[in-house]
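Data block below; observations after.
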Amino acid sequence: MFEKINGKVVRVDLERAGDVVGRTGAMLFYTGQVAFSPHQIPGAGAGMGGGGLMRMAGQMMAGEHERTMLASGKGVVHYGFAGLEVQVVQLQPGATLRVEASRLLANSAALQASVVSVASSGGGGGGGLMGALRGAAAGVATGQGMFTTQLSGQGSAVLLGHGGFLELQVGGQHPVVVDPQAFVAAYGNVTTELKAALSWRDAVGRGSGEAMQLHCVGQGVVYVQASEEKL
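Just so it is clear: in the sequence shown, position 48 is 467 by the numbering used here, and no numbers are missing.
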């Protein structure tokens, strides 16, 4: 669906691929007849009604969701953002892709999309208020966002990263352990768990870096950027 023009730009033929959701400001140019309209991922700031902490969690979720635009029509659209490297991921039914909103360039509109707490990445639980608060704590500790975008279905998505990507296979005897600031996305049936590598006393005065580690288990692929730089 998405075709890499070079390491930093992708193109998509809407007539062949269908509608596409792209990060606002990421459209470089297009040819043909293309219409753009605002788009919002279901769950981004919604579904957490009530008062107090529940409303606060919903507001945090809305604040971390990147603004997106829906492209439709008959034309070819080129996407890129800030000169960052791109990686195309093909999704198959039954697998999920979890990626930080800031590291998602574009995706097929046909994919089912939602916003979940980082505390529930792959575990299936941890939703609601407690999941949001655990996600907030994890986000503060690692420098990541507190929420992540989850995509499923059949289609494609394009990731963004500094310095290129590494595709790490998950499924061996031991977990794949990743620096949370280098983590971009997990594809397949992958569960991620944030663990402290140092005691609280040892970590005082240090950057999050190696003090916090993301343990990845299950079956699938973890995408890591060749940098700890945030987008």
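Using N, Cα and C, we set each Cβ at its ideal position, and we do this for glycine too. Predicted model, so just to flag it, every value in this text is computed and none were measured.
{"query": "Neighbourhood of residue 651 by C-beta distance below 6 angstroms, restricted to the same chain and skipping five residues each side", "result": "Nothing about residue 651 can be read from this structure; the chain reaches only from 420 to 650."}
{"query": "Close Cβ partners of residue 516 (< 8 angstroms) along its chain, the five nearest in sequence each way excluded", "result": "508, 510, 569, 570, 571, 576, 604, 605 and 606"}
{"query": "Nearest candidate by alpha-carbon position, reference residue 453, set 491, 422 and 421", "result": "491"}
{"query": "Start-to-end residues for the beta strand (DSSP E) that takes in residue 422", "result": "421-425"}
{"query": "CB-CB length for residue 420 against residue 527, believed under 8 angstroms", "result": "6 angstroms"}
{"query": "Proximity test, residue 568 beta-carbon vs the ligand GTP heavy atom, cut-off 7 angstroms", "result": "This structure lacks the ligand GTP; in fact it carries no ligand of any kind."}
{"query": "Helix, strand or coil at residue 614 according to DSSP, with G and I counted as helix", "result": "strand"}
{"query": "Exposure of residue 542, with buried meaning 16 or more beta-carbon neighbours within 10 Å", "result": "Bear in mind that the predicted position of residue 542 carries a pLDDT of just 47, short of 50, making it unreliable; the figure below should be weighed with that in mind. Residue 542 comes out exposed."}
{"query": "Coarse secondary structure for residue 646, derived from DSSP in three states", "result": "coil"}
{"query": "Delimiting residues of the beta strand (DSSP E) encompassing residue 585", "result": "584-589"}
{"query": "Cβ separation of residue 494 and residue 443, assumed to be a contact under 8 angstroms, to the nearest whole Å", "result": "Not a contact, Cβ separation roughly 18 angstroms."}
{"query": "Distance CB(residue 534)-CB(residue 587) smaller than 8 angstroms", "result": "no"}
{"query": "Through-space distance from residue 423 to residue 434, alpha-carbon basis", "result": "18 angstroms"}
{"query": "Which of helix, strand or coil DSSP assigns to residue 467", "result": "At residue 467, the pLDDT of 45 sits below 50, so the modelled position is not reliable; the number obtained from the coordinates is stated separately. Residue 467 falls in the coil class under three-state DSSP."}
{"query": "Integer-rounded CB distance, given that residue 589 should sit under 8 angstroms from residue 609", "result": "5 angstroms"}
{"query": "Own chain partners of residue 514 with C-beta closer than 6 angstroms, once the 5 adjacent residues on each side are dropped", "result": "607"}
{"query": "Distance between residue 574 and residue 512 (C-alpha atoms, nearest Å)", "result": "9 angstroms"}
{"query": "Span of the alpha helix (DSSP H) around residue 434", "result": "433-436"}
{"query": "For residue 632, the residue or residues it bridges with in DSSP", "result": "614"}
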